[in-house]
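Engineer: Quick one: this structure, given as structure tokens, is what I'll be asking you about.
2 protein chains.
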Amino acid sequence: MDLTILTDWLWTLGLLGLGVTFFIWDRLRKLPPGNEVMRGLAAQIQSGALAFARRVGIVLGVFVVAAAALLFVAAGARTAAAFAGGALCAMAAAFSGLFAAVRANVRTAEAARYPGLPAALRTGFSGGAVAGLAVASLAVLGAGLLFLLGIRQPGVYEEIRFREFAEIVSGFAMGASSIALFARVGGGIFSKAADMGADLVGKVESGIPEDDARNPATIADLVGDCAGDSAGMGADLFESCIAAVIATIAVGMTEATLGGYENRIAAVSLPLFAITVGLIASIAGVFLLNYLKPEKPAQALRTVQLAAAAIFLLGMLGIVFALGFDMADETTGRVYGYLGPFWALLAGSLAGVAVGALTAAFTGPAAARRIADASAAGPAANVLAGISAGLQSSVPAVLVVCGAVGVAYATSGLYGIALSAVGMLATVGITMAVHAFGPIADNAGGIVQLGHLGPDARRITDELHTAGKESGSVITAFSICSAALTAIALYAAYASWVGLEGINLVDPVVVIGFLIGGAIPFAVAALTITSVTKAAGAVIAEVRRQFSANPGIMEGTVAPDSAATVDVATRHALREMIAPGVLAVAAPVVVGAGLGVEALGGMLAGATVTGVLLALFMANAGSAWDMARQQIETGLVGSGRGRGSEAHAAAVVGDSIGDPFKDTAGPSMNILIKLMSLVSLALVPWLLSLPINRGAGTRDALEPESMEALLQVVTALFG
Amino acid sequence: MDLTILTDWLWTLGLLGLGVTFFIWDRLRKLPPGNEVMRGLAAQIQSGALAFARRVGIVLGVFVVAAAALLFVAAGARTAAAFAGGALCAMAAAFSGLFAAVRANVRTAEAARYPGLPAALRTGFSGGAVAGLAVASLAVLGAGLLFLLGIRQPGVYEEIRFREFAEIVSGFAMGASSIALFARVGGGIFSKAADMGADLVGKVESGIPEDDARNPATIADLVGDCAGDSAGMGADLFESCIAAVIATIAVGMTEATLGGYENRIAAVSLPLFAITVGLIASIAGVFLLNYLKPEKPAQALRTVQLAAAAIFLLGMLGIVFALGFDMADETTGRVYGYLGPFWALLAGSLAGVAVGALTAAFTGPAAARRIADASAAGPAANVLAGISAGLQSSVPAVLVVCGAVGVAYATSGLYGIALSAVGMLATVGITMAVHAFGPIADNAGGIVQLGHLGPDARRITDELHTAGKESGSVITAFSICSAALTAIALYAAYASWVGLEGINLVDPVVVIGFLIGGAIPFAVAALTITSVTKAAGAVIAEVRRQFSANPGIMEGTVAPDSAATVDVATRHALREMIAPGVLAVAAPVVVGAGLGVEALGGMLAGATVTGVLLALFMANAGSAWDMARQQIETGLVGSGRGRGSEAHAAAVVGDSIGDPFKDTAGPSMNILIKLMSLVSLALVPWLLSLPINRGAGTRDALEPESMEALLQVVTALFG
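Protein chains in written order, with this note's numbering: chain A, 1 to 719; chain B, 1001 to 1719.
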């Protein structure tokens, strides 16, 4: 098989995907944007989003240029270009969701007024679809970009082509990762700081209602919802998808199970086929929504996801069949069936569904009910019930990941594990579309309220909001588990590239690495929680300053300077992400150079296990608290409930604790564990050149015959 | 060297230690027990403790007999006897602290009245010393008991003597562990359930003050303080000490670094010498207190601990010198100095001191101040600040453990790691004495209040309480780190006994194992937090029942049925510990038999890393919240503080969340990770007989020449 056609295939599909995304975006843009109040509000949110995007764009732009310049000197033009390319794709993935969201919200509100639920659902989902398909298309295009960068450079010795390949792919992934780090951590800090700032000065100190136009932090709060949820999740999933593909290619190149040129070619092309088929399936899912009964929005959203997964799996069954795998484990003599890789994809895909279902069960109405009941005994009981629910919910999700790893390994070896991550993430387009729908529906509800569109419209947006929220907590858990699977895949790639015989947990140096790794997510969680508090303090100070400097704001005669508040929150979010970012990059360098490549492997494993568990704990506890508060507010449970009750006050405490848990600290873990793995992967050539690691690499990558097979594959890929 | 003299040495020292303990106890018993009110209260606490001890004794007695009977059938009389012996020693360690505490409290209160601070400090510390020296003496005697059980049995084939030894030592340790599990988990549940029950019905519902004699849960609350703190910590540290010694002997027997008969004999006898020297040093420390200036109680308590550590280290320097080690690593050719094992002991000992200092820094006044400041913004800010402080504080403690592991490994290999745990725990006598002093001083303060002994006496007990509390949080962190080091030592012993080449983290089955292992502490933390809530509910129901059934209680004409409340709390504590206990025993069986011994190794590593981090997080966050509340109450910080302020209400919420964190869920992790390691160790022979593990054991233990050396050592030990 001539692999060069893959490049064309990726570019074609990626551009097609972007075309569809633009088509949906254009249709969305032309929908009626509602009455004057709504348009005014929407304009404010849009200009807030623009202010956020501008400042972030400038700072990240400078960072990307500086980092690329550094890489240019250290590793050459292609690595620098790969880094910049990865960063740009991730930024595009993040911002497309943000800008679609701030336009879809007002149009969804208007559609809820007239013609009603079906149109509102479709409008809101269009906004989500723009975000989702942009992410998926950019992942495909990004993979195409890698190939472009890898085109044969005349005069380069073959021996260094592997190293070059490693540098390009990890450069690209790190570019994506650094943007994702900001979008997730920084976006999370921004969103929660604005939220807490708006609430504290507005509701508590000044006694004005939530989402009041006089509050200088209201717009920042609304922008934050989109920035944290849409932009953060978009960049996160984009990066997971790219990292999973890269890890699969890396393992496919070096894993002994895949001995033989034909197998290797099939192995490295399969994940690329998977993301294109996933993109097609996602597009099909997006259009399917128009033909579903819109009366039950939550069910419709589930249906399109399952349909996309089914289309994806059917397509992949055919492709795996066509590629004709013939894999065997030389050591154990085990022969894998020719459909082995398909089972790995299926395991990943099903694990994604199972994690969703389990999370729904653990943070859903029943769990929330227990927390709501406990709230009657005060805030401490509410917090303990939520923490207990969160801790508990992390266990089944981890077991599902274990199950996927086990099935994938049994059916196609180490390669299968990396592939299962691709299976989980290939339909990222539809997953992200459903997720991005949530904050749009939320925003739409706020606009309906402020635009006085009446109770009927509000009922519709409430229904959409509930449907979106339900899928929101599910998708957070999904993103964590996909990050876990990606981290395990990157881990396998790391071990494979270093050429370690193994990472021996009986070796005390590995144990030390393992313990250090385990502690890192705890440190980052502490940092991000503190950051939210600090940034919220800055927002509060800014709001107070505006109120006292300009009394006209409170009287409603002067518009507040929302852009200034957005700017303060953005500045702090950017500043507060430095420490976690430095830690994520420095830890692999220090441990790898100080304790060796094996200890670094231990560190990655330790960070993955505590990172995933902490992330699930925090995200799920946060969702459960949130839902418990809602249950009490809607008076669904017991007597003596509802707003203003003691139980409600307790539930608000839990919800406030849950906010930074689920929207900042928890999701930060995703990027942390992936970024550390990617940095380690990129460091492999440098680490192996250090005296401490002399003799560490003993397997595949450095053996001449493996190297030869590998170079054949690289040559086939890069022409 | 004839090792049989060690048996005599252990018995002599152990009995001597018990003699000193009894001497202190007898002197304490004869001190004046105060006025009638105090004696009445003390009698109630004592009878409450007795009721607790009786029920626990019966249930645990039945459990121990049943388990021993099972072991008798499965593994013979000696293993059964070892199990029962371990259980009895642990029970004695737990209860001696409890009974000394309930007698020392009232006498400390009386001494605070007259003659004053020096006498009160000495009296309180005498109570602590009884607990501490009992634990240390029992550890020495327990080791002696192991030798008694190991005496040559005529007609037994030499080949199975190793297996027999393994069964005896792990039987003993598991006996101790199951009691420790109850004392820590059950004691923690009891103590917090009684605490919450007393507070909620008493202070909140009925409006009677804290520690009011009319509240049927007051006595249970006071008993709980002693049960959780003294009994739980005593059994925990006893078990850590025994497990560390056993792990060191196990590694010493099988580790290749120690090739040569003389070295092995020295290696297995060193930990036994260490605990006897530690006992002597602890006794010296206890008596030293009488010669220190008592004006600064906290400083006096630190001084005796440092003095005991210094005596211990000096003694061990001589013994290591005398034993004449001559160790080398065959693989790397590295030769260790003859003082190598001393450096390992020193590393462990210093790590214990460092962990204490770090914890004091992270949960001390400065950290508490930050939490207290945050409290002004409400309960959510207080909780977030506490969680952030707890997460952060876990990092340096883990790094200290890493440092100890690194130094110990560098100076005397794998054996050194196990030995460093012994170095940390050998002076357990004085450590436990200082810790047990805390709840005694706390109780004494309550008795001074109720006995109307005046403000001068109260000032003295307050000072003692503060000194005790300070050391309390430090020692909780110490116990966690010692459990971590012990778990790592047991882990090395496990790998050594299974004879694994390594536990390969790249093997996906191991990855599955460590993910499962990592999730177990999360599951147990969720279980124990829920258990506290449930048990508290039962206590509340009982208190309400008594109030409504007998209105005379509220009028003060009828004494409440305190024993019934104690009984309810005890029953629930016993019931709620079943699930964590079953999980701790079942997980190694299921993973070892289902996924193999290597995956089980991964599971233990995963459980250790998340267990230690969660334990440190929870314990330290709890301490910090506690201290923040105190700071606000004493009005030390800022304006608008003090009882009744908004900030105080917020701090009370944090403190209530911290209680089950620091006294139940956090400490449970200690036992969990040690118990799972011990169960795994005990299962080694069975696991290796399973088809899935065929060919897994490939190193030392199963190689004929190693086996021969090992049998020589066993024979030398057991005569």
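Ideal Cβ placement from N, Cα and C applies to all residues, glycine included.
Along chain A, which residues have their Cβ under 8 Å away from the Cβ of Gly1502 (chain B)?
Structural biologist: Correct list: Gly502, Asn504, Leu505, Val506 and Asp507.
Engineer: In the DSSP assignment, what are the bridge partners of Asn1504 (chain B)?
Structural biologist: DSSP, once it has assigned bridges, lists A:Asn504 as partnering Asn1504 (chain B).
Engineer: Assuming contact is defined by CB atoms lying nearer than 8 Å, are Thr461 (chain A) and Ala134 (chain A) in contact in what I supplied?
Structural biologist: Cβ distance not < 8 Å, so Thr461 (chain A) and Ala134 (chain A) don't count as in contact.
Engineer: On the DSSP bridge list, what partners appear for Val1335 (chain B)?
Structural biologist: In DSSP, Val1335 (chain B) forms a bridge with B:Ala1328.
Engineer: Give, in chain order, every residue of the region 1639–1661 of chain B whose Cβ lies closer than 7 Å to some Cβ of chain A.
Structural biologist: Answer in chain order: Val1653, Ser1656, Ile1657 and Pro1660.
Engineer: Going along the chain, which residues of its own chain have a beta-carbon closer than 7 Å to the beta-carbon of Ala1354 (chain B), five neighbours each way excluded?
Structural biologist: Hits under 7 Å: Val1400.
Engineer: Would you please verify whether the beta carbon of Thr1698 (chain B) is less than 8 Å from any beta carbon of chain A?
Structural biologist: Confidence is the limiting factor: at Thr1698 (chain B) the pLDDT is only 45, short of 50, which leaves the residue's position unreliable, though a coordinate-based value still follows. So, not an interface residue.
Engineer: Just reading off the alpha helix (DSSP H) that Ser479 (chain A) is part of, what are its end residues?
Structural biologist: Looking at the DSSP string, the run of the alpha helix (DSSP H) that includes Ser479 (chain A) is Gly454 to Val498.
Engineer: Please classify Glu158 (chain A): does DSSP put it in a helix, a strand, or coil?
Structural biologist: The predicted model places Glu158 (chain A) with a pLDDT of 47, which falls under 50 and marks its position as unreliable, so this point remains unresolved.
Engineer: Near Tyr409 (chain A), what residues of its chain come up, given a Cβ to Cβ distance below 8 Å and the 5 sequence neighbours on each side ignored?
Structural biologist: These residues qualify, in order along the chain: Gly416 and Ile417.
Engineer: I believe Ala484 (chain A) touches Val612 (chain A) by the beta-carbon criterion, under 8 Å. Please report the beta-carbon distance rounded to the nearest angstrom.
Structural biologist: About 4 Å separates the two Cβ atoms, so the contact holds.
Engineer: In chain order, which alpha helix (DSSP H) runs of at least 4 residues are fully inside the region 1176–1261 of chain B?
Structural biologist: Entirely contained in the region 1176–1261 of chain B, the alpha helix (DSSP H) runs reaching 4 residues are, in chain order, 1187–1197, 1218–1226 and 1233–1254.
Engineer: Here's a check: name, in chain order, each residue in its chain whose Cβ is nearer than 6 Å to the Cβ of Met1603 (chain B), leaving out the five neighbours to either side.
Structural biologist: Cβ neighbours of Met1603 (chain B) beyond the five flanking positions: Gly1513, Ile1516, Gly1517 and Val1591.
Engineer: Consult DSSP for Tyr415 (chain A) and reduce its assignment to one of helix, strand or coil.
Structural biologist: It is helical.
Engineer: Identify, in the order they occur along the chain, each residue of the same chain with its Cβ nearer than 8 Å to the Cβ of Trp720 (chain A), setting aside the five sequence neighbours on each side.
Structural biologist: Look at the range of chain A in this structure, 1 to 719, and you will see that residue 720 (chain A) is not part of it.
Engineer: At the level of alpha carbons, what is the spacing between Ile280 (chain A) and Leu490 (chain A)?
Structural biologist: Going by the C-alpha atoms only, they are around 26 Å apart.
Engineer: In terms of residues, what are the limits of the alpha helix (DSSP H) holding Gly602 (chain A)?
Structural biologist: Residues Val597 to Glu633.
Engineer: Buried or exposed: Leu600 (chain A), going by 16 or more other Cβ atoms within 10 Å of its Cβ?
Structural biologist: The residue in question, Leu600 (chain A), is buried, as its Cβ has 16 or more Cβ neighbours within 10 Å.
Engineer: Pop quiz: Val383 (chain A) and Val653 (chain A) are said to be a contact at Cβ under 8 Å. What is the actual Cβ separation, rounded to whole angstroms?
Structural biologist: Between Val653 (chain A) and Val383 (chain A) the Cβ distance is about 7 Å, and since that is below 8 Å, they are a contact.
Engineer: Taking C-alpha atoms, which residue in B:Ala1621, B:Lys1030 and B:Ala1074 lies nearest to Ala1361 (chain B)?
Structural biologist: Comparing Cα-Cα distances from Ala1361 (chain B) to each of B:Ala1621, B:Lys1030 and B:Ala1074, the minimum goes to B:Ala1621.
Engineer: Please check if any C-beta of chain A sits within less than 8 Å of the C-beta of Gln1392 (chain B).
Structural biologist: Answer yes: the Cβ-Cβ gap between Gln1392 (chain B) and chain A drops below 8 Å somewhere.
Engineer: Using only the alpha-carbon positions, how far apart do Leu6 (chain A) and Ala274 (chain A) sit?
Structural biologist: The straight-line gap from Cα to Cα measures roughly 12 Å.
Engineer: Where does Val558 (chain A) sit, in a helix, a strand or coil, going by DSSP?
Structural biologist: Three-state DSSP puts Val558 (chain A) in coil, outside helix and strand.
Engineer: How about Ala367 (chain A) and Ala374 (chain A): are their beta carbons less than 8 Å apart?
Structural biologist: Against a cut-off of 8 Å, the Cβ pair of Ala374 (chain A) and Ala367 (chain A) comes out as no contact.
Engineer: Just to confirm my understanding: we take Asn1035 (chain B), look at its own chain, exclude 5 residues before and 5 after, and list those with CB closer than 7 Å. What are they?
Structural biologist: Closer than 7 Å at Cβ, skipping near neighbours: Gly1451.
Engineer: Grab the span of the alpha helix (DSSP H) containing Thr123 (chain A) for me, first residue to last.
Structural biologist: From DSSP, the alpha helix (DSSP H) with Thr123 (chain A) extends over Leu117 to Leu149.
Engineer: Answer yes or no: does any C-beta atom of chain B fall closer than 8 Å to that of Ser375 (chain A)?
Structural biologist: It does not: the Cβ of Ser375 (chain A) has no partner Cβ on chain B nearer than 8 Å.
Engineer: Report buried or exposed for Leu70 (chain A), applying the criterion of at least 16 other Cβ atoms within 10 angstroms of its Cβ.
Structural biologist: That one is exposed.
Engineer: From what residue to what residue does the alpha helix (DSSP H) around Pro1032 (chain B) run?
Structural biologist: Note, Pro1032 (chain B): premise wrong, no alpha helix (DSSP H); not H, not E.
Engineer: Do Asn263 (chain A) and Phe325 (chain A) have their beta-carbon atoms positioned less than 8 Å apart in this structure?
Structural biologist: Yes, they are a contact pair.
Engineer: I'd like to know whether the C-beta of Thr1486 (chain B) is nearer than 8 Å to at least one C-beta of chain A.
Structural biologist: No - not a single Cβ of chain A is within 8 Å of the one on Thr1486 (chain B).
Engineer: On the criterion of 16 or more Cβ atoms from any shown chain inside 10 Å, does Arg1458 (chain B) qualify as buried, or is it exposed?
Structural biologist: With 16 or more Cβ atoms within 10 Å of its Cβ, Arg1458 (chain B) is classed as buried.
Engineer: Within the 8 Å Cβ cut-off, does Leu1018 (chain B) reach chain A?
Structural biologist: Output row for Leu1018 (chain B): interface = no.
Engineer: Classify Arg1152 (chain B) as helix, strand or coil using the three-state DSSP reduction.
Structural biologist: Unreliable placement is indicated for Arg1152 (chain B), whose pLDDT of 47 sits below 50; no coordinate value is reported for it.
Engineer: Mapping DSSP to helix, strand and coil, what is Met424 (chain A)?
Structural biologist: DSSP places Met424 (chain A) in helix when its eight states are reduced to three.
Engineer: Using a beta-carbon distance below 8 Å, is Ala519 (chain A) in contact with chain B?
Structural biologist: With 8 Å as the cut-off, Ala519 (chain A) counts as an interface residue toward chain B.
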